[in-house]
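Q: Sequence order for the protein chains is V and W. So for the first sequence, this note's numbering puts the first residue at 723; every next one is plus one. So for the second sequence, this note's numbering puts the first residue at 120; every next one is plus one.
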Amino acid sequence: MTAVSEYLGRNVRQYGIVGALIVIVLLFQVLTDGRLLYPNNIASLIQQNAYVMILAIGMVMVIVAGHIDLSVGSVVAFVGGLCAIMLTDWELPWILAVVLSLGIGALVGMWQGFWIAYVGIPAFIVTLAGMLIFRGLAIVLVGTTVAGLPSSFNAISNGSLPNWLGFIGDADVVTLCIGAVGIVAFAVTQWRSRAAARRHELAVEPMSAFVIKLVVASVLIAVVTYWLSLSAGGTPIVLLIVGALIIGYTFVLNRTVFGRHIYAVGGNRHAAVLSGVNSRRVDFGIFVNMGVLAAVAAIVTTSRAGAGVASAGVNYELDAIAACFIGGTAVTGGVGRISGAMIGALIMGVLNMGLSIMAVDAAWQQAIKGLVLLLAVAFDLVGKRRSRLA
Amino acid sequence: MTGESHLEMRSITKEFPGVKALQDVTLQVRRGEVHAICGENGAGKSTLMKVLSGVYPHGTYDGEILLGGAPCEFRGIKESEARGVVIIHQELALVPYLSLAENIFLGNEKSRAGVVDWNRTSRDAKELLERVGLHDDPATQAADLGVGKQQLVEIAKALSKDVELLILDEPTAALNDEDSAHLLGLIDQFRAAGITCIIISHKLNEIAAVADSVTIIRDGQTIETLDLHGDEPVSEDRIIRGMVGRELDSRFPTHEPTIGEEVLRIEDWTVHHPVNPERVVVDHANLHVRAGEIVGLAGLMGAGRTELAMSVFGQSYGTGISGSVYKNGSKIRTRNVAEAISHGIAYATEDRKRYGLNLIQTIRENVSASALGKLSRWGVVETEQEVVVAEKYRHDFRIKAPSVESVVGKLSGGNQQKVVLSKWVYSDPDVLILDEPTRGIDVGAKFEIYGIINALADAGKAVIVISSELPELIGVCDRIYAMNEGRITGEVARADATQENLMHYMTMDKGEVVR
């Protein structure tokens, strides 16, 4: 019994944030007379917010380790600008340009990681400097814009998977297949980890809870894919990119030694060091990784705009940080999940889209988003205090 | 010396949740004398002084305090200072980036209508500094002075408050010989000027040199007050006899050691203080441990035991470390923690909350923290195996928690300590250094931890136990080293160990140490 209540206790925060997302979606669904969940809007929700989700993945790791990264917006502009120059002035094939951009992102991360991990300058200062440095370099390189990118590159963010398999009614079959594969894969991995736990004679969540979890998740995936299959293009390509990153990085954080060291360093740096964790290498790795993910975001952003823009990515760092905090990442480090940050990013995205559909002024949108961030973290704190008293 | 009574503390009792720190303590100090207070770590000396100075306000303790015959009910430091009682704590409390003058008058600024009068501040500060023998400019930053001079600035600060009763908690613990001598000279001057001093110290030779009488406290109780100028001369051994003789409040499992080959040898180990590199914290220490042997490390606060252990464990403490470490006869290097662990050394810290555990994570994650490599393949952790390991230790060490997914911060001290032990035992070391393994733990859990220590020795591990409780060392260890001021001052086999002879070594002056 205690095990069950503990299981719920540990996950209640995660369920709470999902509940908040559902409430916000329903609210705007009503306020916009059902326009929020138009299939085309769902597709563009993903396309518009891919950059936040990609950056928030890296940012969760940075914040869990007890740091912050203020430079990612500027790095997006810098790497995006370089990528555009490679595509136009140098006429490189788009795949090569993408690979080189990722490498440049890694170099930027090494630069910042060096100062933070090995010189010991606080990340706030290093990345504040990075914010200025890379914005400046972006303007130097790009001027204002480098346009005329090849359409194959622009398709990364704007395109969808071709519908090789035709349609059932209005539904794109490729999208439906992806959804089906997703449901099966989810069920199989869940079942296998449950079986593995039982094999080691470990306590598992109650069967009823397990089945409910499977059914709810499957229905959710099914509804979303069905809806998506009705949209003009079917499955946006960025959805595959973001999905792969979410799955991959969730694995990295939960199951790899590197991921576990991030939590250890963030939870108690002294104890981690005295347990033999090389905290400098962890810090360095986190920032290199953040650089690479910023480059991914840069590619997505540049592709979506169809041009390298020197002023791209302004405030992206704040969007990513907000997504993490709404998603339950602790300011003090040591606590945070990618799933939480993704839901945080979706909450911000739905707010954006809903308010835009309702034609709310952009200035008001910003103020409302700020309020939501504040309330989310306040709820979290009050909840924690209550559970401490209990 | 006879004189009127300046301070009288009558049957002071102070309780913390679960612990009686002081029980019926009485203390009488005559006006104008230097009164020393002696006792082991944790005897209650500092608690008594905090009661006196109002750090623990009236009402949180039982008993009476009389100053010059009049009862006092201090609700805070401000009130005790108004009556001329000033305490200088062991940890210096100067603000490093303020000037000496600003530090001296901090909270007590020379000002008119909220505006600081800098001329008066500087002039008065200069005067006070000269009274304690400092000729530095009052505008100097506190951080630019050495520890010895900072201590003097603290005293100048006390003088600025018209002190009548000055309390010094371990004033010379961090000072070199020259600075100590100067400080003791200053105390002599204060006595001549009619200021009463209470000095808490471990250094018996200093007490003999400067004090008029000494009160001995043990286990939160006053044992006796000795007059150092009385008809009978009081020897250091006489004081030691009063300090030790703690009651044996815990029982120990019986254990027959099977001692094998030497596993670890430390030779000529010297460590300097990380912030103040001239200070020698560990001084040419030599020790060795054999397989299956439990070796104790006894010493009073500041003796350098933890510093010795942490510097060997991957240079986690100190600078300018020199000396050599041999493992199974061959010299090894332990430049960082990972290297020390790879050589089979484990160190369980005395401060488990700050340095030992990740309190916001689960038992499972803490147990595996130092040996994730063993639980992973290609950098991927085998989580199920990890749970199995954690469950094994939860069962073997009887960690009381609903599951291994319980957050460590919510466990009791004894169970947290068992998690720390699990972590290090799972890393499968050959040498385990356990620093105060039973601090803050109830008697039942202590007994269980002694059992774990014995089992580790029986499994052929070499175990080093650092402890401030002499009965514990005598009850658990096969051999005990004593340390004082960074030196190993003695080595006693279990059969010969008594609290008296250990305390004798633990307070042994550097002149007496025979190398």
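Quick reminder that beta carbons are idealized off the backbone N, C-alpha and C, glycines included. What you are looking at is a predicted structure, and each value in this text was computed from that prediction instead of being measured.
Using the three-state DSSP reduction, which class does W/Val582 fall into: helix, strand or coil?
A: Against the second sequence, residue 582 of chain W aligns to sequence position 463. Three-state result, W/Val582: strand.
Q: Figure out for me which residue from W/Ala404, W/Arg409 and W/Ile413 has the closest Cα to the Cα of W/Arg424.
A: The count along the second sequence starts at 1 and reaches residue 424 of chain W at position 305. With distances taken between Cα atoms, W/Arg424 lies closest to W/Ala404.
Q: Name the DSSP bridge partner or partners of W/Asn603?
A: Against the second sequence, residue 603 of chain W aligns to sequence position 484. W/Arg606, per the DSSP bridge assignment.
Q: Is V/Leu777 closer than 7 Å to V/Ala1019 when the C-beta atoms are compared?
A: As a working note, residue 1019 of chain V is residue 297 in the first sequence. As a working note, residue 777 of chain V is residue 55 in the first sequence. It is a contact, given that the beta carbons lie within the stated cut-off.
Q: Closest to W/Arg129 by CA distance: which of W/Asn160, W/Leu171 and W/Lys139 is it?
A: Here the question's residue 129 of chain W lines up with position 10 in the second sequence. Here the closest residue by C-alpha is W/Leu171.
Q: Under a three-way DSSP split, which group does V/Asn763 fall into?
A: Mapped onto the first sequence, residue 763 of chain V falls at position 41. Helix at V/Asn763.
Q: Anyone know if the C-beta pair for V/Gly827 and V/Gly1013 falls short of 7 Å?
A: The sequence position of residue 827 of chain V within the first sequence is 105, counting from 1. The sequence position of residue 1013 of chain V within the first sequence is 291, counting from 1. Against a cut-off of 7 Å, the Cβ pair of V/Gly1013 and V/Gly827 comes out as a contact.
Q: Where are the alpha helix (DSSP H) runs, 4 residues long or more, that stay fully inside the region 429-469 of chain W, in chain order?
A: Correct list: 456-461.
Q: Distance, Cα to Cα, V/Met853 vs V/Val794?
A: For the purposes of this step, residue 853 of chain V is taken as residue 131 along the first sequence, with counting starting at 1. For the purposes of this step, residue 794 of chain V is taken as residue 72 along the first sequence, with counting starting at 1. Taking the straight line joining both Cα atoms gives about 7 Å.
Q: Any C-beta of chain V sitting closer than 7 Å to the C-beta of W/Ser541?
A: Residue mapping note: residue 541 of chain W aligns to position 422 of the second sequence, counting from 1. It does not: the Cβ of W/Ser541 has no partner Cβ on chain V nearer than 7 Å.
Q: Would V/Asn990 count as contacting chain W if we go by Cβ distances under 7 Å?
A: The residue labelled residue 990 of chain V in the question sits at position 268 within the first sequence. With 7 Å as the cut-off, V/Asn990 counts as an interface residue toward chain W.
Q: At which residues does the alpha helix (DSSP H) containing W/Gly361 begin and terminate?
A: What you label residue 361 of chain W is simply residue 242 of the second sequence in a count that begins at 1. W/Gly361 -> alpha helix (DSSP H) spans Glu355 to Met362.
Q: Between which two residues does the beta strand (DSSP E) harbouring W/Gln340 extend?
A: Locating residue 340 of chain W in the second sequence gives position 221, where the first residue counts as 1. From DSSP, the beta strand (DSSP E) with W/Gln340 extends over Gln340 to Asp346.
Q: Would you please verify whether the beta carbon of V/Ser1001 is less than 7 Å from any beta carbon of chain W?
A: Within the first sequence, the letter at position 279 stands for residue 1001 of chain V. Output row for V/Ser1001: interface = no.
Q: Can you give me, in chain order, the residues of the region 968-986 of chain V that have a beta carbon less than 7 Å from any beta carbon in chain W?
A: For the region 968-986 of chain V, which is checked against every Cβ of chain W, the residues closer than 7 Å are Arg977, Thr978, Val979, Phe980, Arg982, Tyr985 and Ala986.
Q: Buried or exposed for W/Asn603, please, with buried defined as at least 16 other CB atoms from any protein chain shown within 10 angstroms of its CB.
A: To locate residue 603 of chain W, count along the second sequence from 1; it is residue 484. The residue is buried, with at least 16 neighbouring Cβ atoms inside 10 Å.
Q: At least one CB of chain V closer than 7 Å to the CB of W/Arg634: is that the case?
A: Indexing the second sequence from 1 puts residue 634 of chain W at position 515. Confidence in W/Arg634 is poor, its pLDDT being 45 and thus under 50, which makes the residue's placement too unreliable to answer from.
Q: Could you check if W/Ile317 is buried or exposed, using at least 16 other CB atoms within 10 Å of its CB as the buried criterion?
A: Residue 317 of chain W sits at position 198 when you count from the first residue of the second sequence. So W/Ile317 counts as buried.
Q: I want to verify the contact list: residues of chain V whose CB lies under 7 Å from the CB of W/Tyr545, in sequence order.
A: The count along the second sequence starts at 1 and reaches residue 545 of chain W at position 426. Per Cβ cutoff of 7 Å: no residues; W/Tyr545 is ~11 Å from chain V at best.
Q: Note down, in chain order, all residues in the region 915-938 of chain V with a beta-carbon under 9 Å from any beta-carbon belonging to chain W.
A: Of all residues in the region 915-938 of chain V, Ser915, Ala918, Ala919, Arg921, His922, Glu923, Leu924 and Ala925 have a Cβ within less than 9 Å of some Cβ in chain W.
Q: List, in order along the chain, the chain W residues whose C-beta lies closer than 8 Å to that of V/Gly1056?
A: Numbered from 1 along the first sequence, position 334 holds the residue referred to as residue 1056 of chain V. In chain order: Asn477, Ile479 and Gln480.
Q: In whole angstroms, what separates the C-alpha of V/Gly988 from that of V/Met781?
A: Counting from 1 along the first sequence, the entry for residue 988 of chain V is found at position 266. Counting from 1 along the first sequence, the entry for residue 781 of chain V is found at position 59. Taking the straight line joining both Cα atoms gives about 13 Å.
Q: Can you tell me whether V/Glu813 is buried or exposed, with buried defined as 16 or more other CB within 10 angstroms of its CB?
A: Taking the first residue of the first sequence as position 1, residue 813 of chain V is located at position 91. Exposed, since its Cβ has fewer than 16 Cβ neighbours within 10 Å.
Q: W/Val144 and W/Thr315: beta carbons closer than 7 Å?
A: Counting from one through the second sequence, the residue named residue 144 of chain W turns up at place 25. Counting from one through the second sequence, the residue named residue 315 of chain W turns up at place 196. No, Cβ-Cβ distance for W/Val144 and W/Thr315 is not below 7 Å.
Q: Would you say W/Val499 lies against chain V (beta-carbon separation less than 7 Å)?
A: Here residue 499 of chain W is taken as the residue at index 380 of the second sequence, counted from 1. With 7 Å as the cut-off, W/Val499 counts as an interface residue toward chain V.
Q: Name the chain V residues whose beta carbon is nearer than 8 Å to that of W/Ala140?
A: By 1-based counting over the second sequence, the position of residue 140 of chain W is 21. The premise fails here: W/Ala140 is roughly 27 Å from chain V at the closest Cβ pair, so nothing lies under 8 Å.
Q: What are the complete alpha helix (DSSP H) segments, minimum 4 residues, inside the region 858-892 of chain V?
A: Fully enclosed alpha helix (DSSP H) runs of 4 or longer: 873-880.
Q: Which parts of the region 1014-1084 of chain V are runs of the beta strand (DSSP E), unbroken and 3 residues or longer, counting only runs that do not cross its ends?
A: You should have 1029-1031.
Q: Would you check if the region 404-417 of chain W and the region 371-378 of chain W touch, i.e. whether three or more CB-CB distances between them fall below 8 Å?
A: They touch, by the three-pair rule.
Q: Just checking my contact of V/Ile790 with V/Phe846 at CB under 8 Å: how many whole Å lie between their CB atoms?
A: Here the question's residue 790 of chain V lines up with position 68 in the first sequence. Here the question's residue 846 of chain V lines up with position 124 in the first sequence. With 8 Å as the limit, V/Ile790 and V/Phe846 qualify as a contact, their Cβ atoms being about 6 Å apart.
Q: Out of W/Val456, W/Val174, W/Ser124 and W/Ser495, which has the shortest C-alpha to C-alpha gap to W/Gly187?
A: Counted from its first residue, the second sequence places residue 187 of chain W at position 68. Closest option to W/Gly187, Cα to Cα, is W/Ser124.
Q: From the DSSP output, in three-state form, read off W/Asp577 for me.
A: As a position in the second sequence, residue 577 of chain W is number 458, starting the count at 1. Of the three classes helix, strand and coil, the one that applies to W/Asp577 here is helix, per DSSP.
Q: On the CB-based measure, 16 or more other CB atoms within 10 Å of its CB, does V/Ala748 come out buried or exposed?
A: To locate residue 748 of chain V, count along the first sequence from 1; it is residue 26. Per the sequence presented here, residue 748 of chain V reads as Leu, with Ala not at that position. It is exposed - the Cβ of V/Leu748 has fewer than 16 other Cβ atoms within 10 Å.
Q: Considering only residues of the same chain and omitting the five flanking positions on each side of W/His462, which have a CB-CB separation below 7 Å?
A: Counted from its first residue, the second sequence places residue 462 of chain W at position 343. Same-chain partners within the cutoff: Lys446, Ile451 and Thr453.
Q: Taking the alpha helix (DSSP H) that W/Val315 belongs to, which residues open and close that run?
A: By 1-based counting over the second sequence, the position of residue 315 of chain W is 196. First, the residue type needs correcting, since residue 315 of chain W is Thr and not Val in the sequence shown. Counting along the chain, W/Thr315 falls outside any alpha helix (DSSP H), though it belongs to the beta strand (DSSP E) covering Thr315 to Ile319.
Q: Would you report the Cα separation of W/Glu619 and V/Val841, rounded to the nearest angstrom?
A: Counting from one through the second sequence, the residue named residue 619 of chain W turns up at place 500. Counting from one through the first sequence, the residue named residue 841 of chain V turns up at place 119. Using only the alpha carbons, I get a separation of about 50 Å.
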